[in-house]
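Visitor:
Residue numbers (our numbering): 675 to 1276.
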């Protein structure tokens, strides 16, 4: 082997072997997708039945053909496009299009899923568009049970023009996620220039095709918009001649979109100030003002609006979650906040990125996009760790940060070439393989047990609405910790046991006596449904109070799996016999109400 050939990657036999493996996987995933998918679902996890996992595996596997083909084509396109000046625009556009095709195909795994929290925004947006104001139910008091004002206004606009809001939210969520993915890949390619190789591009694609980004860009919530705004702040020096103006505008919308926005805004401001001072540019004060003043004005305006409209400077979600928000947790490395981040890194396979990030990132003289991306990432991570993460599946708070991380990984991989030469390609490809395998496993398990599906919660609400009609209750109310589908789909009066749509509960999560009196003496909902280990049931133990045992009796829905719950009760005085209604007694005491499914159907 000549000196010019030494270290060349990949050598011909290895290259042929790689093509054979990728081609075989692509063919098998098209022909018999369950053979691929079931490899990731042998054992039950978190109480999920094996048959459910296998069904989820088949669903995911049926959509794996696009990523397999995309990886193979990206390697081919990238290898054939390499040159001294980097990829041409046409080649880069083709590569990004292939990645977008894989992304859009994988999101179809969750085509029938929207998280129920999005339904809360739907309810508020619908009532606002119909002239009832910012309320969860038309004649309810004005309370801010949402924390995504800008997203709410967008959805209200879709309802006003006659669109189905759930469909609109899904399309917008996936579409903005696709835009964020495309921008992250283009920015990574421009950042690297001639140092960009196919393996590094594939690594960034696999990072963004992981379960967190796929799941939360399919959720109907605002996290896709958040990810895109993060990226606009970081990539503004690449996009426009006056990047501080674009960054300030993006941060202003971010302040109206997410409650933790002041943290990444502050981080971006300090980073921008440091960049200008480092590069000794003129007009530092004026240019930093473009970063500070617009988001600060949006922040102040939002709080003034809250005071004028809701008579309160904070939203209900803030009161529910603020008692768990402890800034000092950032310094508690063994604490639950950092454990949330580490759980994501280990369960997603992202730990394989550590060598690239540690060995490759060079901060002295780093491009502005890299500095801004890191700053925004640190600001968001401060919130995530302080709030100890989130209970929802697949790391909701991490998902919007992944496009920023992809940029940092691309830059680190480019710098790593100075240490490893062409061997960096092996590191990138091996890391991409690990990310794709872990991402597939996580997506299978999420598909098997998705977080609070909006459609399922809506069906629960409709069941109680139907039962209320059979009991002769004209205006039923439901005490439940999921208020999206119950208020939007079923249009039930809701007593939100999670506190998001009920300020009295939100402000008294640490006052059990108040919660018991409020629920059992003041609100006295027609039905209770949910779990006893979270939210108001956990905070107050109202279900163990003598008043609850006196006034409520269990309800059993036969043949309806989605109605099985540890807390399913109806007011005792409303119970009566009727078609499909069986009252079970012990002497003169009602023991429970059994609601029989017609024909035993589910």
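Just so you know, even glycine gets a beta-carbon here, dropped at the ideal spot from N, CA and C.
Where does residue 1113 sit, in a helix, a strand or coil, going by DSSP?
Guide: To locate residue 1113, count along the chain shown from 1; it is residue 439. If DSSP states are grouped into helix, strand and coil, residue 1113 belongs with the helices.
Visitor: Quick one: is residue 815 buried, meaning 16 or more other Cβ sit within 10 Å of its Cβ, or exposed?
Guide: As a first step, residue 815 must be located in the chain shown, where it is residue number 141. Exposed is the call here.
Visitor: Assign residue 725 to buried or exposed, taking buried as 16 or more other Cβ atoms, counted over all protein chains shown, within 10 Å of its Cβ.
Guide: What you label residue 725 is simply residue 51 of the chain shown in a count that begins at 1. The residue in question, residue 725, is exposed, as its Cβ has fewer than 16 Cβ neighbours within 10 Å.
Visitor: Measuring alpha carbon to alpha carbon, tell me which of 1147, 1239, 1068 ends up nearest residue 1021.
Guide: Here the question's residue 1021 lines up with position 347 in the chain shown. Residue 1021 has its Cα closest to that of 1068, out of 1147, 1239, 1068.
Visitor: Keeping to the same chain, check which residues put their C-beta closer than 7 Å to that of residue 1093; ignore five residues upstream and five downstream.
Guide: Start at 1 with the first residue of the chain shown, and residue 1093 comes out as number 419. So the list reads 1033, once near-sequence residues are dropped.
Visitor: Please list the segments of the alpha helix (DSSP H) lying wholly inside the segment 808 to 858, counting only runs of 4 or more residues, in order along the chain.
Guide: Runs of the alpha helix (DSSP H) inside the segment 808 to 858: 823 to 834.
Visitor: Hey, quick one: how far does the alpha helix (DSSP H) through residue 986 stretch, first residue to last?
Guide: As a working mapping, residue 986 is identified with position 312 in the chain shown. Where residue 986 is concerned, there is no enclosing alpha helix (DSSP H), given that its DSSP letter is neither H nor E.
Visitor: Would you call the segment 822 to 830 and the segment 790 to 804 in contact, with 3 or more CB pairs under 8 Å?
Guide: Yes: at least three Cβ pairs fall under 8 Å.
Visitor: Note down the Cα distance separating residue 967 from residue 974, rounded to an integer number of angstroms.
Guide: Numbered from its first residue, the chain shown carries residue 967 at position 293. Numbered from its first residue, the chain shown carries residue 974 at position 300. Taking the straight line from one Cα to the other gives about 10 Å.
Visitor: Does DSSP classify residue 1264 as helix, strand or coil?
Guide: Position 590 of the chain shown, counted from the first residue, corresponds to residue 1264. DSSP places residue 1264 in strand when its eight states are reduced to three.
Visitor: In this structure, how does DSSP classify residue 1008 when only helix, strand and coil are distinguished?
Guide: Position 334 of the chain shown, counted from the start, is the residue given in the question as residue 1008. DSSP places residue 1008 in coil when its eight states are reduced to three.
Visitor: With distances taken Cα to Cα, identify the nearest neighbour of residue 1167 among 1141, 1144, 1210, 810.
Guide: Here residue 1167 refers to the residue found at position 493 of the chain shown. The residue with the shortest Cα to Cα distance from residue 1167 is 810.
Visitor: Between residue 1176 and the rest of its own chain, which residues show a CB-CB distance below 6 Å, the 5 nearest in sequence each way excluded?
Guide: Here residue 1176 is taken as the residue at index 502 of the chain shown, counted from 1. Correct list, in chain order: 1170.
Visitor: What residues are listed by DSSP as bridge partners for residue 1258?
Guide: Mapped onto the chain shown, residue 1258 falls at position 584. DSSP, once it has assigned bridges, lists 1266 as partnering residue 1258.
Visitor: Nearest by alpha-carbon distance to residue 1223: which of 1234, 698, 1184, 1242 is it?
Guide: Your numbering for residue 1223 matches position 549 in the chain shown. The candidate whose alpha carbon is nearest that of residue 1223 is 1242.
Visitor: Buried or exposed: which applies to residue 841, given that a residue is buried once 16 or more other Cβ atoms fall within 10 Å of its Cβ?
Guide: The residue given as residue 841 occupies position 167 in the chain shown. The residue in question, residue 841, is exposed, as its Cβ has fewer than 16 Cβ neighbours within 10 Å.
Visitor: Measuring CB atoms only, is the segment 852 to 872 touching the segment 1010 to 1026, in the sense that at least three cross pairs come out at less than 8 Å?
Guide: No: the two stretches stay apart, fewer than three of their Cβ pairs being nearer than 8 Å.
Visitor: Quick one: residues in its chain with C-beta nearer than 7 Å to the C-beta of residue 1142, no 5 flanking neighbours on either side, listed in chain order?
Guide: Counting from 1 along the chain shown, the entry for residue 1142 is found at position 468. Same-chain partners within the cutoff: 1150, 1200.
Visitor: Residues in its own chain within less than 7 Å of residue 1064 by CB, not counting five upstream and five downstream?
Guide: As a position in the chain shown, residue 1064 is number 390, starting the count at 1. Excluding positions up to five away in sequence, the list reads 1070, 1071.
Visitor: Just how far apart, CA to CA, sit residue 979 and residue 989?
Guide: Indexing the chain shown from 1 puts residue 979 at position 305. Indexing the chain shown from 1 puts residue 989 at position 315. Near 12 Å, if we compare the C-alpha coordinates of residue 989 and residue 979.
Visitor: Quick one, are the C-beta atoms of residue 945 and residue 902 less than 8 Å apart?
Guide: Here the question's residue 945 lines up with position 271 in the chain shown. Here the question's residue 902 lines up with position 228 in the chain shown. Not closer than 8 Å, so no.
Visitor: Would you kindly work out how many angstroms separate the C-alpha atoms of residue 1237 and residue 1267, rounded to a whole number?
Guide: Along the chain shown, one-based indexing puts residue 1237 at 563. Along the chain shown, one-based indexing puts residue 1267 at 593. The alpha-carbon atoms of residue 1237 and residue 1267 are separated by roughly 13 Å.
Visitor: As a quick exercise: from 788, 1148, 996, pick the residue whose alpha carbon is nearest that of residue 1066.
Guide: The residue you call residue 1066 lines up with position 392 of the chain shown. Comparing Cα positions, the closest option is 788.
Visitor: Check this for me: beta carbons of residue 878 and residue 1024, under 8 Å apart or not?
Guide: The count along the chain shown starts at 1 and reaches residue 878 at position 204. The count along the chain shown starts at 1 and reaches residue 1024 at position 350. Their beta carbons are not under 8 Å apart, which means residue 878 does not touch residue 1024 by this criterion.
Visitor: Does the segment 1190 to 1206 come into contact with the segment 1243 to 1254, if we say contact requires no fewer than three beta-carbon pairs (one atom in each stretch) closer than 8 Å?
Guide: The answer is yes - the segment 1243 to 1254 touches the segment 1190 to 1206, with three or more Cβ pairs under 8 Å.
Visitor: Output the distance between the C-alpha atoms of residue 1111 and residue 914, rounded to the nearest integer angstrom.
Guide: The sequence position of residue 1111 within the chain shown is 437, counting from 1. The sequence position of residue 914 within the chain shown is 240, counting from 1. Using only the alpha carbons, I get a separation of about 37 Å.
Visitor: So, using beta-carbon positions, are residue 839 and residue 796 closer together than 8 Å?
Guide: Your numbering for residue 839 matches position 165 in the chain shown. Your numbering for residue 796 matches position 122 in the chain shown. Yes. Within cutoff.
Visitor: By the 10 Å Cβ neighbour count, where 16 or more other Cβ atoms means buried, how is residue 983 classified, buried or exposed?
Guide: Position 309 of the chain shown holds residue 983. Exposed.
Visitor: On the DSSP letters alone, give me the boundaries of the beta strand (DSSP E) that residue 1241 sits inside.
Guide: Taking the chain shown and counting its residues from 1, one reaches residue 1241 at position 567. Looking at the DSSP string, the run of the beta strand (DSSP E) that includes residue 1241 is 1241 to 1245.
Visitor: Which residue wins for smallest C-alpha separation from residue 1104, given the options 1214, 1157, 1057, 1029?
Guide: Walking along the chain shown from the start, residue 1104 turns up at place 430. The residue with the shortest Cα to Cα distance from residue 1104 is 1029.
Visitor: Near residue 928, what residues of its chain come up, given a Cβ to Cβ distance below 6 Å and the 5 sequence neighbours on each side ignored?
Guide: Indexing the chain shown from 1 puts residue 928 at position 254. Counting only Cβ-Cβ distances below 6 Å, and skipping sequence neighbours, we find 903, 935.
Visitor: Taking Cβ positions, are residue 1155 and residue 1231 nearer each other than 8 Å?
Guide: Start at 1 with the first residue of the chain shown, and residue 1155 comes out as number 481. Start at 1 with the first residue of the chain shown, and residue 1231 comes out as number 557. In this structure, residue 1231 does not lie closer than 8 Å to residue 1155 by Cβ.
Visitor: Thinking just about the alpha-carbon of each residue, which of 767, 1040, 1107, 845 is nearest to the one in residue 1088?
Guide: As a first step, residue 1088 must be located in the chain shown, where it is residue number 414. For residue 1088, the nearest C-alpha among the options comes from 1040.
Visitor: Note the first and the last residue of the continuous alpha helix (DSSP H) segment covering residue 867.
Guide: On the chain shown, position 193 is the one that residue 867 refers to. Note, residue 867: premise wrong, no alpha helix (DSSP H); not H, not E.
Visitor: Taking the alpha carbon of residue 971 as the point to measure from, which residue in 922, 1132, 941, 1182 has its own alpha carbon closest?
Guide: As a position in the chain shown, residue 971 is number 297, starting the count at 1. The residue with the shortest Cα to Cα distance from residue 971 is 922.
Visitor: Who are the near neighbours of residue 1264 in its chain, counting only those whose CB is closer than 8 Å to its CB and skipping five residues on each side?
Guide: Residue numbering aside, residue 1264 sits at position 590 when the chain shown is read from its first letter. Excluding sequence neighbours, residue 1264 sits near 1227, 1246, 1249, 1257, 1258.
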